[in-house]
Amino acid sequence: MGIIVWCVLFAIVIFFAFVATRMAAQNKEDGLHDTGLAIIEFGRAFPNEAIRQLQATENGQAVFVRLHDNKAGFMRNMSRHFSCHVIEPGRVRVVGSETGRGLVIDFLDAPHHNGDFEFASAKEASEVSLWLLGNYIAEPDKDLLPGNISAANKQ
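So for the sequence shown, our numbering puts the first residue at 67; every next one is plus one.
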């Protein structure tokens, strides 16, 4: 009788181990669709940056981050870890993709992240492009020189 109980307990443990590994594999395939995970991982990499908004790509392999001071960040699933970086002003080139729902992005400081990023809608892609555009110009370049007043600023 005792051997039967041990066999049943062993079978239950094996079953739970199988279910747990399948669930872990499913979570691994999901990528960064879980924004909570993206917040935790980006916060771990950059603890002094406050996150305002996140936008994941359609496949969940990358997340674009809008930070508190209108900087932008980027996070990519690298299969065994997550790569995070804050995009420095003026260090990114962005072009719309042919589908209209994506962006072709060149990171000048991290060329291994260059690529075509597709979003669920054109609205999401335009939102991210605005974040990157706001981050594109360095702060000192945003201030107009007193002698260079444009027609829009004249009264």
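By construction, the Cβ of each residue, glycine as well, lies at the ideal position given by its N, Cα and C atoms.
Tell me whether Glu124 sits in a helix, a strand or coil according to DSSP, three-state version. coil
DSSP state of Ile69, grouped into three classes? helix
Could you check the C-alpha separation between Lys220 and Cys150 for me, to the nearest Å? Reliability of the predicted coordinates at Lys220 is poor, the pLDDT of 48 falling under 50, and the value obtained from them is presented with this limitation in mind. Their backbone Cα atoms lie some 42 Å apart in a straight line.
If the criterion is Cβ atoms closer than 8 Å, does the pair Val170 and Phe130 meet it? no
Looking only at C-alpha atoms, which of Leu133, Ala128 and Ser192 sits nearest to Gly166? Ser192
What are the boundary residues of the beta strand (DSSP E) that Arg110 is part of? First-last for Arg110: Thr101 to Ala111, but that is the alpha helix (DSSP H), not the beta strand (DSSP E).
For Ala186, the first and last residue of its enclosing beta strand (DSSP E): No beta strand (DSSP E) contains Ala186, which DSSP labels as neither H nor E.
Local Cβ density within 10 Å of Ala218, reported as buried at 16 or more and exposed below that: Bear in mind that the predicted position of Ala218 carries a pLDDT of just 48, short of 50, making it unreliable; the figure below should be weighed with that in mind. It counts as exposed.
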